[in-house]
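Engineer: In our numbering, the protein residues as written are 33 to 102. Virtual Cβ for every residue (Gly too), placed ideally from N, Cα, C. Here the structure is a predicted model, which is why all the values come from computation and not from measurement.
1) Within the stretch 49 to 97, note down every full beta strand (DSSP E) run reaching 3 residues or more, in order along the chain.
2) Can you tell me which of 52, 61 and 75 puts its alpha carbon nearest to the alpha carbon of residue 46?
3) Confirm, please, whether the CB-CB distance from residue 70 to residue 93 is below 7 angstroms.
4) Which of helix, strand or coil does DSSP assign to residue 37?
5) In the DSSP assignment, what residue or residues form a beta bridge with residue 100?
6) Do you know how far the Cα of residue 50 is from the Cα of residue 60?
7) In whole angstroms, what is the alpha-carbon distance linking residue 98 and residue 91?
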């Protein structure tokens, strides 16, 4: 799946690799993170959320192991 630009004040773009279950999140502050073992249903709920920033903060940021990409 290609990188998807997001209309959010917190998130610039995301990329999800369903085969590896990696979710890459690029923030508007220029930081980027890779979250591991994120189920497809969480990614789809994230993309469907009215507030992607709130969903990220509540359901992704502190819920999955991650590595900082930049």
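Structural biologist: On the basis of the coordinates in this document:
1) 54 to 59 and 64 to 67
2) On the chain shown, position 14 is the one that residue 46 refers to. Checking every option, the nearest Cα to that of residue 46 belongs to 75.
3) On the chain shown, residue 93 is found 61 positions in, with the first residue counted as 1. On the chain shown, residue 70 is found 38 positions in, with the first residue counted as 1. Contact flag unset, no.
4) As a first step, residue 37 is located in the chain shown; it is residue number 5 there, counting from the start. The answer is strand: DSSP assigns residue 37 an E or B state.
5) Position 68 of the chain shown, counted from the first residue, corresponds to residue 100. For residue 100, which the question treats as bridged, DSSP gives the partners 65.
6) Residue mapping note: residue 60 aligns to position 28 of the chain shown, counting from 1. Residue mapping note: residue 50 aligns to position 18 of the chain shown, counting from 1. Roughly 24 angstroms between the two C-alpha positions.
7) Start at 1 with the first residue of the chain shown, and residue 98 comes out as number 66. Start at 1 with the first residue of the chain shown, and residue 91 comes out as number 59. Their Cα atoms are separated by approximately 13 angstroms.
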